[in-house]
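Number of protein chains: 2
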Amino acid sequence: MVPPVDNLIRALAKLPGLGRRSAERAALALLRKPELLLDALTAALQEARATVCCCSVCGGFTSREQNPCALCADTSRDGAVLCVVEEPSDIFAIERSGGYRGRYHALMGKLSPARQTGPADLRLRALAERVGRGGVTEVLLALSTDMEGDATAGYIGELLRPLGVRVTRLAFGLPADSGVGYSDPLTLKRAISGRIACG
Amino acid sequence: MVPPVDNLIRALAKLPGLGRRSAERAALALLRKPELLLDALTAALQEARATVCCCSVCGGFTSREQNPCALCADTSRDGAVLCVVEEPSDIFAIERSGGYRGRYHALMGKLSPARQTGPADLRLRALAERVGRGGVTEVLLALSTDMEGDATAGYIGELLRPLGVRVTRLAFGLPADSGVGYSDPLTLKRAISGRIACG
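Chains as they are written, first to last, in this note's numbering: chain A, 1 to 199; chain B, 1001 to 1199.
Encoded structure:
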């Protein structure tokens, strides 16, 4: 295999959902008519790299020109409920469910001894500050239903207890050992309406 | 969804094997830590775009610095057998099978009335010229086992008949309505050793 082709296959194979064989097919399709697919993908990557950033309020993806993001700037949304997610991409999944009209806060991960992610690596202080400023009556935790998600939920419950806010969690309609980003809209919608008290 | 994120998802969804949902997951993974995945993929795409080209002899992928490609330059390979494939990527699939030691010729497609691909759009004149220069005793057609592949095989059989070369075709060990790029190495190896006379 020509080395640059091999490099491209390896870069593609690192994407979630692409194995070695499908990365190979994708690379060869890109190279077959580079002026169509390859140039468009390169341009889209460069544009995204140059313009996409994380919202300074919720941590979700937005453009550098719109910060805070459209969701944070939308005055019609309910500021009394704050939904805490692990990843910026989880916000898209919850929006797609159509079951939520409050605000968001992305932690940028979850507590994980295995990956050496501690409380200081997450946006937990920003969360406490947002809740501390008042106006929020409920914090809805939309976290993974695995041990690390449970530990993160427990930690946040303790962190926010002094602030007197109600902390809830998505109903366990989610399948075990999975994450928000993998759930279908209906499952997410049911889990939002059936959310339970935390701790 | 932020427009540059949406553009990136659409560019990724055009790759074979990636649907809308998996393209979305891939895009969000790229943006989550752009200095890791996104920059590496952009660099690999740019390198491949700048350095990869099609071999002037066989039409397979090679680098601009090595033209003719390594397979065409390899004097240990059998110049008496010429394997005709549709796509440059098919050459990789046949090489992986380990069942072939001859030369290659990529047509860059197959005859297809539906996609308005006629004989002039394929590297058929270059094929006739290569065979006409002598030294080739057998042309092995490694084409799709669908109607368009059959039509292309028939056309090449007629085209090369005046040149007195033996034209063979891969044994029908290949599943129907599929292509060389989708076959596993063993199936390809068996199909190469069981090849049959054409027309």
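Using N, Cα and C, we set each Cβ at its ideal position, and we do this for glycine too.
{"Item": "Bridge partner(s) assigned by DSSP for L140/A", "Value": "C83/A, T168/A"}
{"Item": "Continuous alpha helix (DSSP H) stretch holding Y1182/B: start and end", "Value": "Here Y1182/B belongs to no alpha helix (DSSP H), and DSSP marks it neither H nor E."}
{"Item": "DSSP state of Y1104/B mapped onto helix, strand, coil", "Value": "strand"}
{"Item": "V1165/B versus L1159/B - alpha carbon distance", "Value": "10 Å"}
{"Item": "Neighbour list for T62/A in chain B, Cβ cutoff strictly below 7 Å", "Value": "V1002"}
{"Item": "Assigned exposure category for A1023/B - 16 Cβ within 10 Å defines buried", "Value": "buried"}
{"Item": "CB contact flag (L1107/B, L1082/B, <9 Å)", "Value": "no"}
{"Item": "CA nearest to the CA of I91/A, picked from A48/A, Q46/A, L140/A", "Value": "L140/A"}
{"Item": "Three-way DSSP call (helix, strand, coil) for T42/A in this model", "Value": "helix"}
{"Item": "Proximity test, Cβ basis, 9 Å: L12/A and chain B", "Value": "yes"}
{"Item": "For S1097/B, the three-state DSSP class (helix, strand or coil)", "Value": "helix"}
{"Item": "Test: C1058/B CB closer than 9 Å to a CB of chain A", "Value": "no"}
{"Item": "Alpha carbon of A27/A to alpha carbon of P68/A, nearest angstrom", "Value": "37 Å"}
{"Item": "C198/A - DSSP class collapsed to helix/strand/coil", "Value": "coil"}
{"Item": "Inter-residue spacing [alpha-carbon to alpha-carbon] between V1057/B and P1088/B", "Value": "12 Å"}
{"Item": "Pair within 9 Å by beta-carbon distance, L37/A and C55/A", "Value": "no"}
{"Item": "Chain-ordered neighbours of T42/A on chain B, where CB pairs are closer than 8 Å", "Value": "T1042, L1045, Q1046, R1049"}
{"Item": "Outcome for S193/A when other beta-carbon atoms lying within 10 angstroms are tallied against a minimum of 16", "Value": "exposed"}
{"Item": "Three-state secondary structure (DSSP) of S1089/B", "Value": "helix"}
{"Item": "Cβ-Cβ separation, A151/A to R169/A (assumed contact under 8 Å), whole Å", "Value": "About 13 Å; that fails the 8 Å criterion."}
{"Item": "Rounded separation between P16/A and G79/A - CA only", "Value": "34 Å"}
{"Item": "Beta-carbon proximity of G1179/B to E1138/B, cut-off 9 Å", "Value": "no"}
{"Item": "Whole-angstrom distance between S1063/B and D121/A, CA atom to CA atom", "Value": "44 Å"}
{"Item": "Counted within 10 angstroms of its Cβ, other Cβ atoms place G18/A as buried (16 or more) or exposed", "Value": "Strictly speaking, residue 18/A in this sequence is Leu, with Gly absent from that position. It counts as buried."}
{"Item": "Where N67/A meets chain B, residues with beta-carbon distance less than 9 Å", "Value": "Neighbours of N67/A on chain B: none; closest Cβ ~11 Å, over 9 Å."}
{"Item": "Three-state secondary structure assigned by DSSP to C55/A", "Value": "coil"}
{"Item": "Rounded C-alpha distance that separates L41/A from T187/A", "Value": "32 Å"}
{"Item": "P1185/B and R1096/B closer than 9 Å at C-beta", "Value": "yes"}
{"Item": "C-alpha gap between A1044/B and V136/A, whole angstroms", "Value": "46 Å"}
{"Item": "Coarse secondary structure for S63/A, derived from DSSP in three states", "Value": "strand"}
{"Item": "Cβ shell of G1149/B (< 7 Å), same chain only, five flanking positions each side left out", "Value": "K1110, L1143"}
{"Item": "CB contact below 9 Å: P16/A versus chain B", "Value": "yes"}
{"Item": "CA nearest to the CA of G118/A, picked from G134/A, A93/A, I156/A, G99/A", "Value": "I156/A"}
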